[in-house]
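Visitor: Quick one: structure below, then a few questions.
In the numbering used here, the protein residues as written are 53 to 373.
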């Protein structure tokens with residue numbers, strides 16, 4: 053019995069699709085070891101990134117633990133309207149934006165400068181020692197980092213206040229002073245992530261052709277001129293990509309460190325979307341309202357990412373896509 057192809061499928065189209073499928077299968081067979089290594093990453097994202105997206109529908113429902121997600125009543129945009137009309141909205145928006153923008157402005161340049169300066173060090177032992185100590189904070193948990201900050205800034209036995217007292221100044225209650233909270237948070241972000249993020253920029257520097265430096269050295273260029281005209285321009289694609297990613301995370305302030313460092317005296321400057329979601333969702337068990345706030349935060353972060361990528365492409369022709 054002769055089989056015929058459907059009328060709406062042209063033979064040449066089917067042939068192209070078959071060729072492409074064969075090519076994909078051939079590449080998968082060739083790279084099967086790499087795909088097996090990548091499999092845990094795929095499983096992780098399916099389980100912990102894409103799977104939980106199903107639960108976002110409770111932002112549009114009056115979620116009840118007893119009725120379940122599907123059995124709960126649809127309420128549309130009720131929780132979003134309640135959040136936008138809440139007196140907490142603008143305070144949360146302001147605090148989240150300021151913490152994010154301050155972190156971007158101050159913390160973003162430090163890994164770049166650190167990588168450039170570290171690349172100029174010629175003593176291998178000293179260079180490796182500095183690298184090791186700069187990476188360590190990134191491998192500490194947020195709880196340990198926050199505990200260290202609290203100990204350093206303690207008004208009675210903290211190292212910072214002991215230095216201030218030795219210089220003749222009075223102790224400062226840093227963690228209960230609203231004017232110090234943002235400075236403490238941004239400074240801790242710089243200290244914790246500077247060394248680890250510098251790895252990316254060091255890799256970009258390592259990919260620069262050494263002959264460029266040799267040619268400029270022959271022409272009598274100084275080290276500063278080499279950095280200005282070779283190192284930084286060669287790093288620019290990496291810097292642009294990292295800047296876009298950082299801009300997209302301005303509103304994605306993690307709740308862990310803020311939750312561990314702030315207190316009722318600093319709520320007015322430290323309360324952000326993520327800590328508000330934690331209180332409303334886990335402490336007050338208002339799951340639908342908390343899901344609506346979290347979804348709004350994610351939407352704002354997506355918009356910021358799209359805007360920064362568009363501006364970057366129009367300004368310099370480089371972007372994430």
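From the three backbone atoms N, C-alpha and C, an ideal C-beta is built for every residue, glycine too.
Considering only their Cβ atoms, is the gap separating residue 91 from residue 80 smaller than 8 Å?
Guide: no
Visitor: According to DSSP, is residue 231 part of a helix, a strand, or is it coil?
Guide: Looking at residue 231 - three-state DSSP - the assignment turns out to be helix.
Visitor: What are the start and end residues of the beta strand (DSSP E) that includes residue 119?
Guide: From DSSP, residue 119 is part of no beta strand (DSSP E); its letter is neither H nor E.
Visitor: When you compare only the Cα positions, how much space is there between residue 186 and residue 243?
Guide: 8 Å
Visitor: Would you say the segment 178-192 touches the segment 272-288, given that touching needs at least three Cβ pairs under 8 Å?
Guide: No, the segment 178-192 is not in contact with the segment 272-288.
Visitor: Does DSSP classify residue 314 as helix, strand or coil?
Guide: coil
Visitor: For the segment 147-159 and the segment 116-133, state whether three or more C-beta atom pairs, one from each stretch, are separated by less than 8 Å.
Guide: no
Visitor: Fully enclosed by the segment 195-273, which alpha helix (DSSP H) runs are 4 residues long or longer?
Guide: 211-218, 230-258, 262-270
Visitor: Considering only residues of the same chain and omitting the five flanking positions on each side of residue 222, which have a CB-CB separation below 8 Å?
Guide: 216
Visitor: Could you spell out where the alpha helix (DSSP H) holding residue 193 opens and where it closes?
Guide: Segment: none, residue 193 is in no alpha helix (DSSP H) and carries neither H nor E.
Visitor: Cα separation between residue 254 and residue 112?
Guide: 46 Å
Visitor: Using the three-state DSSP reduction, which class does residue 138 fall into: helix, strand or coil?
Guide: DSSP places residue 138 in coil when its eight states are reduced to three.
Visitor: Go through its chain and collect everything with a Cβ distance to residue 61's Cβ below 6 Å, but skip five positions before and after it.
Guide: With a pLDDT of 49 at residue 61, under the threshold of 50, the modelled position of that residue is not reliable, and the figure given next carries that caveat. Excluding positions up to five away in sequence, the list is empty.
Visitor: Would you report the Cα separation of residue 266 and residue 105, rounded to the nearest angstrom?
Guide: 53 Å
Visitor: Between the segment 293-306 and the segment 344-361, are three or more C-beta pairs nearer than 8 Å?
Guide: yes
Visitor: List the residues that DSSP assigns as beta-bridge partners of residue 125.
Guide: 114
Visitor: Return the CA-CA distance between residue 365 and residue 295, expressed in angstroms with no decimal places.
Guide: 12 Å
Visitor: Could you tell me whether the Cβ atoms of residue 362 and residue 228 are closer together than 8 Å?
Guide: no
Visitor: Relative to the C-alpha of residue 239, which candidate in 155, 98, 74, 207 has its C-alpha closest?
Guide: Checked all of 155, 98, 74, 207; the closest Cα to residue 239 is 155.
Visitor: Do the CB positions of residue 286 and residue 305 come within less than 8 Å of each other?
Guide: no
Visitor: Can you check the segment 142-177 for any alpha helix (DSSP H) of at least 4 residues that lies completely inside it and give the ranges in chain order?
Guide: 161-172
Visitor: Could you check the C-alpha separation between residue 288 and residue 176 for me, to the nearest Å?
Guide: So the alpha carbons of these two residues sit roughly 26 Å apart.
Visitor: Quick one: what's got a C-beta closer than 6 Å to residue 260's C-beta in the same chain, skipping five residues either side?
Guide: Contacts found: 286.
Visitor: Pick out whichever of 165, 173, 241 has its Cα sitting closest to the Cα of residue 201.
Guide: 241
Visitor: Going along the chain, which residues of its own chain have a beta-carbon closer than 6 Å to the beta-carbon of residue 171, five neighbours each way excluded?
Guide: 257
Visitor: Residue 124: buried (16+ other C-beta within 10 angstroms of its C-beta) or exposed?
Guide: buried
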